[in-house]
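To start, the structure under review is shown below, and the notes come after it.
Protein chains: 2
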Amino acid sequence: MPQQPSTEQWIEYLAWNQEDLIPVVTQESASGRILTLAWMNRAALAETVATGQAVYWSRSRNRLWHKGEESGHYQYIEEIRTDCDRDSLLITVRQEGGIACHTGRHSCFYLRLADRNWQTVDPVLRDPGLIYKKS
Amino acid sequence: MPQQPSTEQWIEYLAWNQEDLIPVVTQESASGRILTLAWMNRAALAETVATGQAVYWSRSRNRLWHKGEESGHYQYIEEIRTDCDRDSLLITVRQEGGIACHTGRHSCFYLRLADRNWQTVDPVLRDPGLIYKKS
Chain F
886 MPQQPSTEQW
896 IEYLAWNQED
906 LIPVVTQESA
916 SGRILTLAWM
926 NRAALAETVA
936 TGQAVYWSRS
946 RNRLWHKGEE
956 SGHYQYIEEI
966 RTDCDRDSLL
976 ITVRQEGGIA
986 CHTGRHSCFY
996 LRLADRNWQT
1006 VDPVLRDPGL
1016 IYKKS
Chain Y
886 MPQQPSTEQW
896 IEYLAWNQED
906 LIPVVTQESA
916 SGRILTLAWM
926 NRAALAETVA
936 TGQAVYWSRS
946 RNRLWHKGEE
956 SGHYQYIEEI
966 RTDCDRDSLL
976 ITVRQEGGIA
986 CHTGRHSCFY
996 LRLADRNWQT
1006 VDPVLRDPGL
1016 IYKKS
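Residue numbers (my numbering), protein chains in the order written: chain F, 886 to 1020; chain Y, 886 to 1020.
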């Protein structure tokens, strides 16, 4: 279902893809580490700017995803950039709790290629069972 | 045209999208800066690993794109990572010439959002007319 173009010029400036999404690289300001690559639609970007916290579009759940809504691991926006092609975003954030990944790791990028194998190279900082409490 | 699955297990481990592509975040090791967000197909990734230099899939030109082939601004691979969803890559590189963007800037992410406007905040380091010599 295509979104209606918004009336916001700074939003329409971006090159939204055929699914009306844009990829978002999230970098932690303190460490410089890349935490995640996620996606936003227009509503997610508008909400991110309005709240000062990262709000993505969850492609698996097909709904807005306020990062930290379950885990408490909110991401506070420091800067938003786009690139020369206007088809991706880079957001710089302060990561609440120092954990961005649902596995309890600092970053989602914890698998490193070595000798044609993906090796887990970053530790679990907190048991996901403790992060995502069953209700 | 879908690609044939490769016989390489570490390549098939990744969650290629419907176009048989994966987004690639490229980070400069020395500065920690994000240089680009680009895309690879299986052949680009295999070539990147084989040569130790970043090779992307150019969606606009619909062909393999050995980064630096025209500009000389090659990217030398230091590390390749994937994330918990296996649907994006993070590569850490040494950026030849300190310029990743075709506009002659260090990074492609030179447009910063401020007061609902995209503002150019990074300087052109070298005139693109000098980088891309007419043949």
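Every residue gets a Cβ at the ideal spot worked out from N, C-alpha and C, and that includes glycine. Every value quoted in this text rests on a predicted model; they were computed, and no experiment measured them.
Proximal chain Y residues relative to residue i, where beta-carbon distance stays under 9 angstroms
{"i": "His958/F", "result": "By Cβ distance, chain Y contributes nothing, its closest Cβ being about 14 angstroms from His958/F, past 9 angstroms."}
Residue i vs residue j beta-carbon contact at 8 angstroms
{"i": "Leu974/F", "j": "Val909/F", "result": "yes"}
{"i": "Thr988/Y", "j": "Leu996/Y", "result": "no"}
{"i": "Tyr1017/Y", "j": "Ser943/Y", "result": "no"}
{"i": "Arg990/Y", "j": "Ser914/Y", "result": "no"}
{"i": "Gln912/Y", "j": "Thr977/Y", "result": "yes"}
{"i": "Trp924/F", "j": "Leu998/Y", "result": "no"}
{"i": "Gly983/F", "j": "Gly917/Y", "result": "no"}
{"i": "Gly1014/F", "j": "Glu981/F", "result": "no"}
{"i": "Cys986/Y", "j": "Cys986/F", "result": "no"}
{"i": "Leu920/F", "j": "Glu932/F", "result": "no"}
{"i": "Glu893/Y", "j": "Arg1011/F", "result": "no"}
is_contact[residue i, chain Y] using C-beta, thresh 8 angstroms
{"i": "Asn1002/F", "result": "yes"}
{"i": "Trp895/F", "result": "yes"}
{"i": "Leu975/F", "result": "yes"}
Test: residue i CB closer than 8 angstroms to a CB of chain F
{"i": "Tyr898/Y", "result": "yes"}
{"i": "Thr1005/Y", "result": "no"}
{"i": "Glu955/Y", "result": "no"}
{"i": "Ile1016/Y", "result": "no"}
{"i": "Ser943/Y", "result": "no"}
{"i": "Gln980/Y", "result": "no"}
{"i": "Leu1010/Y", "result": "no"}
{"i": "Ser914/Y", "result": "no"}
Minimum C-alpha distance to residue i - residue among the options
{"i": "Leu922/F", "options": "Asp1000/Y, Gly1014/Y, Arg971/Y", "result": "Arg971/Y"}
{"i": "Leu899/Y", "options": "Phe994/F, Leu1015/F, Arg1011/F", "result": "Phe994/F"}
{"i": "Gly937/F", "options": "Asp968/F, Gly1014/F, Thr967/F, Tyr961/F", "result": "Tyr961/F"}
{"i": "His958/Y", "options": "Glu964/Y, Ala939/Y, Ile965/Y, Arg946/Y", "result": "Ala939/Y"}
{"i": "His951/Y", "options": "Asp1012/Y, Ala928/Y, Gln894/Y", "result": "Ala928/Y"}
{"i": "Asp905/Y", "options": "Tyr941/Y, Ile919/Y, Leu920/Y", "result": "Tyr941/Y"}
{"i": "Trp1003/F", "options": "Arg948/Y, Ile919/Y, Pro1013/Y, Glu964/Y", "result": "Glu964/Y"}
{"i": "Asn947/F", "options": "Gln903/F, Asn926/F, Arg1011/F", "result": "Asn926/F"}
{"i": "Pro1008/F", "options": "Glu893/F, Trp901/F, Ser992/F", "result": "Ser992/F"}
Cross-chain neighbours of residue i in chain Y, by beta carbon under 7 angstroms
{"i": "Asp905/F", "result": "None at all; the shortest Cβ gap to chain Y is about 16 angstroms."}
{"i": "Pro908/F", "result": "Pro908, Leu922"}
Chain-ordered neighbours of residue i on chain F, where CB pairs are closer than 9 angstroms
{"i": "Arg997/Y", "result": "Glu964, Ile965, Arg966, Thr967"}
Chain-ordered chain F contacts of residue i [CB-CB under 7 angstroms]
{"i": "Thr936/Y", "result": "Result: empty, since nearest Cβ-Cβ is about 14 angstroms, beyond 7 angstroms."}
{"i": "Thr988/Y", "result": "Cys969"}
{"i": "Gly917/Y", "result": "Gly917"}
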